[in-house]
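Scroll down for the structure; my scribbles are underneath it.
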């Protein structure tokens, strides 16, 4: 995929890529550590400290009307596409497709 970055990925290539990555990611140690870090299994009530909940107290404050100064930000005019153009993917062929056709008939 890194050699042909402007080509579309077909369903067959997706299956091939998943077939390579999935077995490497779905090992028992990754699954067990995912539950252990969140404190689900083995159950750990104290997995998060009180400090980690402090950010939620900011949203518990009552709303007070304040004047909001709007600041307009002007873009600097340089986009990633200006530096290097994005690759264009060619459109699919528009022609007669091969295979069975389904025809609807009025009775």
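Residue numbers (this note's numbering): 49 to 155.
Backbone N, C-alpha and C fix where the C-beta goes; we use that ideal spot for every residue, glycine too.
Give the straight-line distance between the Cα atoms of residue i and residue j, rounded to the nearest whole angstrom.
i           : j           : result
residue 102 : residue 96  : 11 Å
residue 75  : residue 91  : 21 Å
residue 162 : residue 79  : Because residue 162 is not part of the residues shown, which for the chain are 49 to 155, the question remains open.
residue 58  : residue 134 : 20 Å
residue 131 : residue 69  : 32 Å
residue 67  : residue 104 : 41 Å
residue 52  : residue 137 : 11 Å
residue 71  : residue 106 : 42 Å
residue 86  : residue 93  : 10 Å
Can you tell me which of the three DSSP states residue i falls into?
i           : result
residue 60  : helix
residue 125 : coil
residue 111 : coil
residue 133 : coil
residue 87  : coil
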